[in-house]
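> I have a structure I would like to understand better, so I am pasting it below and will then ask my questions one at a time.
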Amino acid sequence: MPDLLFALFLWLSWLCDITKASQKIPLQIAGWTERRWSHQAAARNSGLKICYGQGLALAQFGTGSTGAQKQAEALQEPALWTILDNCSWQRTEVQKGACTMFTSQAATAETGQESLLKSWIGKIEDNSFMKSVKERVELMLSAQSFMGRVLVIMVFLLSIGSIVIYFFISKFPLEYCENSRNVILTVDMSFNIFFLFYFGLRFISADDKFKFWIKLNSIVDFVTIPPIFVSFYLKQNWLGLRFLRALSLLEFPNILQFLKITRSYNSIKLTSMLAVLVSSWLTAAGFIHLVENYGDPWANPRNNQNISYFDCVYLMMVTMSTVGYGDISSKTVLGRVFMVFYIIGGFALFATYVPQIVKMVGRQNKYGGTYMMVHGRKHIVVCGHVTLETVSVLLKDFFDKNEGKEETDVLFMEEITPSLELEVIFKTYFMKTEFFYGSVLRYRDLKRVEVASADACLVLTNRHCSNPDAEDAANIMRVISIKTFYPSVRVIIQILQFRNKSYLQNIPNWDWTKGDCIICVAELKLGFMAQSCLVPGLSTLLTSLFTIKEDVLAVKYNWRWQFLAGGNYMIVTQYLSNDFVGKTFPEICKICFKILNLILLAIEFKSENDETSILVNPSAQIIVQENTIGFFIAKSVAEVKRYLGKSTEWTDEPVLDTTGMFHWCRPVPLQQATLTRRSAQRLNLHDHIVVGIIANVSSTLIGLQNFVMPLRTSNYTYQELKHIVFVGSLEYLQREWESIHNFPKLLVLPGCAQCCADLRAVGAHCCTMCAILTSSWTSEGAYFMVDTDSILATLNVQSMHLKNSASVAGNTVNLRNGFN
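For the sequence shown, the positions run -21 to -1, 1 to 799 when mature numbering (1 follows the signal peptide of the UniProt record, and there is no 0) is used.
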C-alpha cells in the first residue's frame, strides 16, 4: 500500500510539471526562467540576460512588440530596447530578430547560464505548428471525421471492457499479490495505455490546462490509470477507485448519436436518463464495496465486512427506490455517511427519471406501432388538430349505422398523448379506429400508417385558435409533406381563412380532379349566411342536409314534428342504375319521387371531351349516360343503395376564379362609406341587409369578403343588389375594409350591434335580413358561453318588431356551434 501511494505521488508531480510547462503565459515563463537563474550568483549580476529571456518570451508567446515595449520600459533596460528597435515591429519579425540577436549573444557568452538559456529557447516550438496540431486533435476528438468516430467508439468500448474486468476481479480481495502477471492484468494494462494516449490528446486540445484537471473525465483517468501501471510493475493488484470507470457510460447517448441510431428528441432523452441511472448505481455500488470491505481507517478493531459487488448494486437500487428491505446494510461510518447523501440524491433521480422513462417507453410501445393492412378493408388517415371535440364529431358522422362505412378504418396520427377522454372514444370504436404517435411531416411515420394505400388523408383545423393564419400555415405544411412523399394520395384539408386557399392550389401535386378538396370554414359559414339573406331558411335547410341527426320522437305540434323529421334527411351520392340510361332528367326525377320515394337534385354530367360538371336540375335535353352519379336527398345511404346500386362519396365543386363573376367598383374609402346616426336615418333604407359585427380592434378577422361575395354575384343585376350596412367597431372594420372596398353598395355605421339606437338608425326594423357575426372564440372558459353576445344582439333585433313574421323567422344568427 505505501508503494502505491508513493507511485501516485510521483504521477501527480509529473503531471503538474507538464501543466506548468505547457502554460503559454509570458510572465509565468519569464518568472520560471528567472527562478532557474536565481540559485547562481553570476545570474544575479546579469540583469541584461534576464531581460533578454523576458523579451524573447514576450515575443514568442503572444504579447507582441507592444507588450515587449512595455516590459522594457518597466525594466529600463537599453539592451532590450536595442532588440526591439532593430526589428520591424511585426510579430514574426520580432521573434526572428530577437532569436538572431540572442543567438549571437549566446555564441559569445562564456558562462554556462547563457548556454542553458540558449538551449531552452531553441526547444520552444513555433506557435503556428502547435496551433495546427491542436486543431487536428480537436477535430479528432469531436468525432467529425471517420478516424475521430472510430477513436471515440473505441474508447467507449475499452471502457466497457475495463468495467467488465472490474466486475470479474471484484470477487477477489481488495489487495493481493500475484506471482506472475496474469492475462487479465495484461489486458487491463493495454486498455489503460490507450486511455493514457487519449488523455494526452484531450490535454493537448484543452484551452485551459488548469480547468482541464477538474473535468469529470480527467478525474476518472487520474484515479484509474496510475493504479494499473503500479500494479503491473509491483505485481500487486489493488481495486482502489477503479469503479469510477463506470462513469464512462454517460457517453453512451453521444455514441448512439454518432452512429445515427438515436435521432429523435425522445430517444436521445431516454438514453441519457438510462445512462445517468445505471452509471450512478454502478459508481455508488463500487464506493460502498470499497469502504465496506476495507473498513474505516481509524477503527480498531477493524469493522469491515465481506460483501460482493453485486450485493452492493442490489443495495443501491433498493435504497434509491426508498424500499430498503434491510437484508443488506452498511456497517462502516464512511458507508453510512455516504448512504445519507445517496438517499437524497438517489431519490431525486429516481422520482424524476423513472416516471419519465416509464411514460416514454409505454407511449412508444402503445402508440408507436405500424398499421397492418387487411385485404379488402379501406382506411383513411386523420391528422392535424386531433382533440376530443373533432374526433367525437368525425367518428359519430363517419360511423353512423346507416352510412355503410363499417369496412373502413380511421387512423389518427399526431404528436400528442391522448387524454383519458380520447382513449375512451378510441376504445368505443376500437374495432375501427387506431391512434399512432407521430407526425405526417416525417416519411417514416407516413409509412407506418400506410398513407400510400389510404383512401384519403384528412387534415383537421382548430376553429377556436387565436391565430388563424398560423393554424392554416401548419396544416398547409402537412399537406406539402404528404403530397411530396405520396403525390397521388387524396387530401381533404380544413382551413380557416379564404385567402390561404391559393397556397394549396399552387402545390405541384395538388389536383382537385383526383379528389383533393379544400374546406374553408369561414367561406362555407359566411356563404350559407349570405344565401340565407336572399333565401330565408336556406342555411337551416342545407345544414340539416349536411349533418346527421338521431331519429326524432313524436312531438305535440305537427309543424315541429315535420321540421325535426326533415332534419333526418341528408345529401348522398349514388351511381344511377343502367335502367335510367337514355332517359331525361325530369323522367328520372319523376320515377325516383313517385316510386322510389327519393328526391334527385343533380347529376354529374360528362361531355364529349370527358369534362365533368355538376348540373343542378338540368333541362330535358340532357340524356343520362352510363356510370352517371346522382345527388339525392334521402334518409340514409342504404335507402338509396337498395334501389340504385353501388354507393360513392360526394365531392365538392372546384373553387372558380372570381374574374367576371362579381359586381365591381372603384375602391371606396372607408371615410366615404361611414355613416352617422343622423345620416343613416336620412337615407331611409328599405329592403336592405343589416350586418352586426361583434368584435374589437384585436379580434381575429371574420373574413367579411366571404359574406359579401355571394351577395354581389353577377347573376344579379345592379338594380337587384341590396345595400349592406355593417354596424360595429370602426377600428375593426378598417382592418376588413381592404378586402371588400371594391364591392358596391356597402355602408358602415360605427357603433355596437347590441345597441338598439344604432340598429334603429340603420333601419333594422325594415330590413330584408339582419345577420349577427362574431369573431372567433379564444376564451378558455366554457364553450357554450361563446354565443352569449350573438343571442343578446338577436333578442334586441327581434324586440324591434320586424315588418313581418317571415322575416322574424328567417333571422340568421352566427352561432359558433351551428346555425340557428
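Using N, Cα and C, we set each Cβ at its ideal position, and we do this for glycine too.
(1) As an exercise, report each continuous alpha helix (DSSP H) stretch of at least 4 residues that is fully enclosed by the segment 417 to 494, in chain order.
(2) Determine the direct distance from the alpha carbon of Ser287 to that of Asp306, and round the result to whole angstroms.
(3) Report the start-end ranges of each alpha helix (DSSP H) in the segment 283 to 331 that is 4 residues or longer and not cut off at the edges.
(4) Taking 8 Å as the cut-off, decide whether the C-beta atoms of Ile719 and Val670 are in contact.
(5) Is Met252 closer than 8 Å to Ile336 when the C-beta atoms are compared?
(6) Going by the beta-carbon positions, is the gap between Ile593 and Glu605 smaller than 8 Å?
(7) Between the Cα of Met339 and the Cα atoms of Glu402, Phe201, Glu394, Asn245, which residue gives the shortest distance?
(8) Applying the 10 Å Cβ sphere with the 16-neighbour rule, what's the burial state of Pro447?
(9) Relative to the C-alpha of Gln650, which residue among Met640, Pro729, Val676 is closest?
(10) By DSSP's criteria, Ser718 is part of a beta bridge. Which residues make up the other side?
(11) In chain order, what residues of the same chain have a beta carbon less than 7 Å from the beta carbon of Trp489, not counting five sequence neighbours either side?
(12) Give me the residue from Ile459, Thr387, Asn441 with the minimum Cα distance to Asp434.
(13) Our contact map puts Asp735 next to Met779 with C-beta atoms below 8 Å; I'd like the distance itself, whole angstroms only.
(14) Answer with buried or exposed for Asn796, where buried requires no fewer than 16 other C-beta atoms within 10 angstroms of its C-beta.
(15) Tell me, to the nearest whole angstrom, how far the beta carbon of Leu238 is from that of Leu195; I am working on the premise that it is less than 8 Å.
(16) Considering only their Cβ atoms, is the gap separating Tyr554 from Ile608 smaller than 8 Å?
(17) Which one of Gly516, Pro276, Arg421 has the shortest CA to CA distance from Arg242?
(18) Which complete alpha helix (DSSP H) runs does the segment 666 to 725 hold, if anything under 4 residues is left out?
(19) Rounding to the nearest angstrom, what Cα-Cα distance links Gln215 and Ile163 in this structure?
(20) Can you give me the C-alpha to C-alpha distance between Ile142 and Thr298, rounded to a whole angstrom?
(21) Name the two residues that bound the continuous alpha helix (DSSP H) containing Ile348.
(22) Tell me whether Asp187 sits in a helix, a strand or coil according to DSSP, three-state version.
(23) By DSSP, does Leu388 sit in helix, in strand, or in coil?
(24) Ignore the nearest five residues each way along the sequence and tell me which others in Gly682's own chain have a CB closer than 7 Å to its CB.
(25) Let me know the secondary structure DSSP gives Met779 once reduced to three states.
(26) Going by DSSP, which residues form a beta bridge with Asn216?
(27) Starting from Thr591, trace the alpha helix (DSSP H) in both directions and tell me its first and last residue.
(28) Could you check the C-alpha separation between Arg115 and Val333 for me, to the nearest Å?
(29) Candidates Asn576, Thr591, Ser586: which alpha carbon is nearest Phe611's?
(30) In angstroms with no decimal places, state the Cα-to-Cα distance between Leu725 and Phe705.
(31) Are the segment 736 to 745 and the segment 651 to 663 in contact at 8 Å, needing three or more beta carbon pairs?
(32) Run through DSSP, which three-state label would His744 get?
(33) When burial is assigned at 16 or more other CB atoms within 10 Å of the CB, is Ser586 buried or exposed?
(34) What does DSSP give as the partner residue(s) for Tyr554 in the beta ladder?
(35) DSSP state of Pro232, grouped into three classes?
Reading it off the structure:
(1) 422 to 427, 447 to 464, 480 to 484
(2) To locate residue 306, count along the sequence shown from 1; it is residue 327. To locate residue 287, count along the sequence shown from 1; it is residue 308. Approximately 14 Å, taken between the alpha carbons.
(3) 288 to 299
(4) As a first step, residue 719 must be located in the sequence shown, where it is residue number 740. As a first step, residue 670 must be located in the sequence shown, where it is residue number 691. No, the Cβ-Cβ distance between Ile719 and Val670 is not below 8 Å.
(5) Taking the sequence shown and counting its residues from 1, the one referred to as residue 336 is at position 357. Taking the sequence shown and counting its residues from 1, the one referred to as residue 252 is at position 273. Against a cut-off of 8 Å, the Cβ pair of Met252 and Ile336 comes out as a contact.
(6) Reading the sequence shown from its first residue, position 614 is the one you call residue 593. Reading the sequence shown from its first residue, position 626 is the one you call residue 605. Contact: no.
(7) As a first step, residue 339 is located in the sequence shown; it is residue number 360 there, counting from the start. The shortest Cα separation from Met339 among Glu402, Phe201, Glu394, Asn245 belongs to Asn245.
(8) If you number the sequence shown from 1, residue 447 lands on position 468. It is buried - the Cβ of Pro447 has at least 16 other Cβ atoms within 10 Å.
(9) Within the sequence shown, the letter at position 671 stands for residue 650. Nearest option by C-alpha distance: Pro729.
(10) The residue given as residue 718 occupies position 739 in the sequence shown. DSSP, once it has assigned bridges, lists no residue as partnering Ser718.
(11) In the sequence shown, the residue the question calls residue 489 occupies position 510. Around Trp489: Lys462, Leu483, Asp495.
(12) The sequence position of residue 434 within the sequence shown is 455, counting from 1. Of Ile459, Thr387, Asn441, the residue nearest in Cα terms is Thr387.
(13) As a position in the sequence shown, residue 735 is number 756, starting the count at 1. As a position in the sequence shown, residue 779 is number 800, starting the count at 1. At residue 735 the sequence reads Cys, which differs from the Asp that was named. Going by Cβ atoms, the distance from Cys735 to Met779 rounds to 7 Å, so yes, they are a contact pair.
(14) Position 817 of the sequence shown, counted from the start, is the residue given in the question as residue 796. Unreliable placement is indicated for Asn796, whose pLDDT of 35 sits below 50; the coordinate value is still reported in the next sentence. It counts as exposed.
(15) Here residue 238 refers to the residue found at position 259 of the sequence shown. Here residue 195 refers to the residue found at position 216 of the sequence shown. Rounded, the Cβ-Cβ distance is 23 Å, inconsistent with contact.
(16) For the purposes of this step, residue 608 is taken as residue 629 along the sequence shown, with counting starting at 1. For the purposes of this step, residue 554 is taken as residue 575 along the sequence shown, with counting starting at 1. A contact, by the Cβ cut-off of 8 Å.
(17) Counting from 1 along the sequence shown, the entry for residue 242 is found at position 263. Arg242 has its Cα closest to that of Arg421, out of Gly516, Pro276, Arg421.
(18) 683 to 687, 709 to 716
(19) Here residue 215 is taken as the residue at index 236 of the sequence shown, counted from 1. Here residue 163 is taken as the residue at index 184 of the sequence shown, counted from 1. Their backbone Cα atoms lie some 13 Å apart in a straight line.
(20) Residue 142 sits at position 163 when you count from the first residue of the sequence shown. Residue 298 sits at position 319 when you count from the first residue of the sequence shown. The straight-line gap from Cα to Cα measures roughly 23 Å.
(21) The residue you call residue 348 lines up with position 369 of the sequence shown. Reading off the sequence shown, one finds Gly at residue 348, where the question assumed Ile. It is not in any alpha helix (DSSP H) - Gly348 carries neither H nor E in the DSSP assignment.
(22) For this step, residue 187 is matched to residue 208 along the sequence shown. Reduced to three states, the DSSP call for Asp187 is coil.
(23) To locate residue 388, count along the sequence shown from 1; it is residue 409. The sequence shown places Asp at residue 388, rather than the Leu named in the question. If DSSP states are grouped into helix, strand and coil, Asp388 belongs with the strands.
(24) By 1-based counting over the sequence shown, the position of residue 682 is 703. Result list for Gly682: Gln476, Phe477, Ala501, Leu505, in chain order.
(25) Locating residue 779 in the sequence shown gives position 800, where the first residue counts as 1. Three-state result, Met779: coil.
(26) Walking along the sequence shown from the start, residue 216 turns up at place 237. BP columns for Asn216 point to Tyr155.
(27) Taking the first residue of the sequence shown as 1, we reach residue 591 at position 612. Unbroken run through Thr591 is the beta strand (DSSP E), 591 to 595; no alpha helix (DSSP H).
(28) Locating residue 115 in the sequence shown gives position 136, counting from the first residue. Locating residue 333 in the sequence shown gives position 354, counting from the first residue. Rounded to whole angstroms, Arg115 to Val333 spans 41 Å at the Cα level.
(29) By one-based count along the sequence shown, residue 611 stands at place 632. It is Asn576.
(30) Numbered from its first residue, the sequence shown carries residue 725 at position 746. Numbered from its first residue, the sequence shown carries residue 705 at position 726. Roughly 8 Å between the two C-alpha positions.
(31) yes
(32) Here residue 744 corresponds to residue number 765 of the sequence shown, with the count starting at 1. The answer is helix: DSSP assigns His744 an H, G or I state.
(33) The count along the sequence shown starts at 1 and reaches residue 586 at position 607. With fewer than 16 other Cβ atoms within 10 Å, it is exposed.
(34) Translated into the one-based positions of the sequence shown, residue 554 becomes position 575. For Tyr554, which the question treats as bridged, DSSP gives the partners Ile608.
(35) As a first step, residue 232 is located in the sequence shown; it is residue number 253 there, counting from the start. Three-state result, Pro232: helix.
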